[in-house]
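Below is one structure, written out as structure tokens; comments come after it.
Number of protein chains: 2
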Amino acid sequence: MPDVLIHAGTLDCAEMRHEIPAAILDPFLYGEHDGAAFALLSVLDEGSVREVRPEVEIVDPLELGLMDLLEQGMDRDAALTEIALRACERAGLRSAVVPRRFPLGIADRLRAGGIELAVDGAQFDGRRRVKAGAELEGVRRAARAAGAGMAAAAALLASAEPGGDGTLQAGGEPLTAERVQAEVRAAFELAGAVGDEVLVAPGPQGATGHDLGSGPIAAGVPVVVDLWPQDRASRCWADMTRTFVAGEPADDVVRWHNLCRDALARVLDALAPGVTGRELWEVCCDVFEAAGEPTQRDPQGRTPLRDGFFHSLGHGVGLEVHEAPGLGRSGEALVAGDVVAIEPGLYRHGYGGVRIEDLFLVTEDGYEALTSFSLEMRP
Amino acid sequence: MPDVLIHAGTLDCAEMRHEIPAAILDPFLYGEHDGAAFALLSVLDEGSVREVRPEVEIVDPLELGLMDLLEQGMDRDAALTEIALRACERAGLRSAVVPRRFPLGIADRLRAGGIELAVDGAQFDGRRRVKAGAELEGVRRAARAAGAGMAAAAALLASAEPGGDGTLQAGGEPLTAERVQAEVRAAFELAGAVGDEVLVAPGPQGATGHDLGSGPIAAGVPVVVDLWPQDRASRCWADMTRTFVAGEPADDVVRWHNLCRDALARVLDALAPGVTGRELWEVCCDVFEAAGEPTQRDPQGRTPLRDGFFHSLGHGVGLEVHEAPGLGRSGEALVAGDVVAIEPGLYRHGYGGVRIEDLFLVTEDGYEALTSFSLEMRP
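Taken in sequence, the protein lines are chains H and Z. With the first letter of the first sequence counted as 1, position 350 gets the number 350 in the UniProt record's numbering; the numbers rise by one all the way through. With the first letter of the second sequence counted as 1, position 181 gets the number 181 in the UniProt record's numbering; the numbers rise by one all the way through.
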């Protein structure tokens, strides 16, 4: 096992959160030398670390001379960077692997001070691949929050009636994407989760992939509801999508929806340890291409696609919404303990789209579904 | 103006969010060459960028050969890194300044490809120092959310009565830190803000600085309520603290609270463009040391302090909760447009503490208070 360095807070860096599962806002240095871990951080955060990783040695920046550097007129960031080098020297660490996002400002100073650093993203992805214990429990709670949010969105859409102008009304008021988003957020909150971004994208907004959606919802158009709540206690995520139509769906939307369900079912037949993410993606492309839909696999897919299946089949989910393993062109072999979101989708630019997505734990003998909600298009 | 590169998503990187004020989860490359901006990102996110920065040239990774690299067996991260180099070459960018947290994984490849990178954190801090327009409006909304959260916390504490065992009861149930936190979060939500972490720390928990607080609240102990909501629309933050006592406070807590109010008033007398953060911190240290309280300035402050005034006086607030300018030992001169949180505090380890904090906009002729709530200790 090589020595390791990470420099980040625990609220916005999965690599750090995995090592120190506690809430620490400000970035700090975490290291492992010959298997012994140390953390360079203020006494303010010492208790939080001791609670979750009592064996980690806490090094206080003040003990390494921070105040003297500041008194000499060094700015705070430069001084903290200098202290990071001193902490490595004190630990006897001479070389380390670091995550892809290791900050260049720290890296340049450590290297100038003689510490060898090598980026090894796969090493850190690998540490987080197999979910177990508190992280798996956190994903399960987030998945339940996603289901609660989906139920809230479906209930509001189901209660709606078309008004005179063809847009939906609910409770005497126009039904907007924002109203659905607010209901979803309230459901997340009750489930101990938070979702800053909630995608409720009607009609053409649902065909762009990342438009969060806004404004009135028309009857008969597909509404993509893509939810990725984060469990507050563990900072673990889930990811789940349904597409609903309140009113009568168009024929092509019905066709897309059936194709997505078929694709998901075919992919699940193959989901088990050993299959590669690429193989799963190809299963989905097979289904869609056989129905005449463009995918990124066929030659026309080499230019940016705006119609058909223009994204990958999915991704790992854990302390990041998007993490290893990938389920696309470069997808590697799955292992038991992987948590993967599988999300077939079909779209036409300027018109609308359909996507369904569930979250699965890969098990020794197949998989276990973590998210749960009806796959019907009618809410 | 030097050429610039940033590599991040907009949801967790203030430098990027300042340039592209839209919601983009996945990290991407943003560059400026001879004053012209480009962004390397998927067509999925193109619309979001066009809406806020129509002049930014969008470069699609697929146009630069991403699929060929993946077909050749390169893993996705390596391929995207290679494409980042191609995007710089295409733009004619040969050297750039980057933020401190620029990811080492990208930096190493760009440098190997002949692009010179220099970390210049101050350049990016400077871009965000003066708040105006949408960001200032966002800070104002976050500050109102903080006030609403504080009112909710105070109302719940004010409604409480001591039970037989000395802990507070409200509505027939024990009053816990978690209940207060839930009320605060609900108030944030109604104000369009989100606060993953809400600090409600009674007694000894309030003396450690960063313990978020948990469990029953006893009558007569100081409860530190430190709120830092983030405005959902702009991703801008506010920061605000009050310390409440439900019941009769101890004499030393009353003395600390009066000292903190005195210190805040003395600091505000000096708050204006041109004063340095260090000078403001010294004003606060003067007040506390004259009352016999230890600070980081006096010689005993060179070892880690656990009692007295053990942190700095404050910090800038904007797209980060903690950003430039600092109000401590290395604090530089303030300018009109700075938004600063000022937070004098006094503590005794294992016993409790008092902190009060408000947010101020530095103006040409002094300051404007952005947060607003009673400074009384009784809720």
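Idealized CB from N, CA, C, for every residue including glycine. Since this is a predicted model, take the numbers as computed values, not measurements.
- Here Met1/H is exposed: its Cβ has fewer than 16 other Cβ atoms, across all protein chains shown, within 10 Å.
- Chain H has no Cβ within less than 7 Å of the Cβ of Leu268/Z.
- If you draw a straight line from the Cα of Leu66/Z to the Cα of Asn258/H, it comes to about 31 Å.
- Judged by their CB atoms, Ser330/H and Leu70/Z are nearer to each other than the 7 Å cut-off.
- Uninterrupted beta strand (DSSP E) stretches at least 3 residues long and entirely within the stretch 264-340 of chain H occur at 314-316 and 323-327, given in chain order.
- Assignment of beta strand (DSSP E) within the stretch 76-124 of chain Z, counting only whole runs of 3 or more residues, yields 95-98 and 116-119 in chain order.
- Here DSSP, grouped into helix, strand and coil, assigns Pro27/H to coil.
- For Glu183/H, the CB contacts under 6 Å within the same chain, skipping 5 residues up- and downstream, are Ala152 and Leu156 in chain order.
- At a cut-off of 7 Å between beta-carbon atoms, Arg76/Z makes contact with chain H.
- Between the stretch 31-39 of chain H and the stretch 32-45 of chain Z, the count of Cβ pairs shorter than 8 Å is below three; the stretches do not touch.
- Residue environment analysis places Asp251/Z among the exposed positions, since fewer than 16 neighbouring C-beta atoms fall within 10 angstroms of its C-beta.
- Classified as buried, Arg17/Z has 16 or more neighbouring CB atoms from the shown chains inside 10 Å of its CB.
- Taking 3 residues as the minimum length, the beta strand (DSSP E) runs contained wholly in the stretch 138-221 of chain H are 168-170 and 198-202, in order along the chain.
- Non-local C-beta neighbours of Ala148/Z in its own chain, meaning closer than 6 Å and more than five positions away in sequence, comprise Ala187 and Ala191, ordered along the chain.
- Within the DSSP bridge table, the entry for Arg129/Z names no partner.
- Residue state for His257/H is assigned as helix, using DSSP reduced to three classes.
- Contact annotation for His322/H against chain Z: Leu25 and Asp26 [CB-CB distance below 8 Å, chain order].
- Against chain H, the CB of Phe102/Z has a partner CB under 7 Å away; the residue lies at that interface.
- Your pair Val198/Z and Gln181/Z checks out as a contact, with CB atoms roughly 4 Å apart and the cut at 8 Å.
- Legend: CB atoms of the stretch 212-239 of chain Z lying less than 7 Å from CB atoms of chain H belong to residues Leu212 and Arg232.
- Per DSSP, Val49/H is one residue of the alpha helix (DSSP H) stretching across Glu46 to Val52.
- Close CB contacts of Asp231/Z within its chain, under the 6 Å cut and outside five residues either way in sequence, are with Gly138, Arg141, Ala142 and Ala193 (chain order).
- Put simply, the backbone Cα of Val130/H is about 12 Å away from that of Glu364/H.
- Contact between Cys284/Z and Ala265/Z fails: their C-beta atoms lie close to 11 Å from each other, not under 8 Å.
- Residue state for Leu41/Z is assigned as coil, using DSSP reduced to three classes.
- Nearest to Val224/Z by C-alpha distance, out of Ala336/Z, Gly35/Z, Gly345/Z and Cys236/Z, is Gly345/Z.
- Interface criterion met: the Cβ of Glu197/H is under 7 Å from a Cβ in chain Z.
- The Cβ atoms of Val317/Z and Asp239/Z sit closer than 7 Å to each other.
- Pairing Leu168/Z with Gly203/Z, the inter-Cα distance amounts to about 13 Å.
- Using a Cβ distance threshold of 7 Å, Tyr351/Z and Phe360/Z do not count as a contacting pair.
- With at least 16 other beta carbons inside 10 angstroms of its own, Leu62/Z counts as buried.
- Within chain H, the residues whose beta carbon sits less than 8 Å from that of Gly105/Z are Pro99, Arg100, Arg101, Phe102, Val119 and Gly121, listed in sequence order.
- Secondary structure at Met67/Z: helix, using DSSP grouped into helix, strand and coil.
- If you check the CB distance, Leu25/H and Gly9/H come in under 7 Å.
- Counting the other CB atoms within 10 Å of its CB gives Leu375/H a total below 16, which places it among the exposed residues.
- Between the stretch 43-50 of chain Z and the stretch 203-217 of chain H, the count of Cβ pairs shorter than 8 Å is three or higher; the stretches touch.
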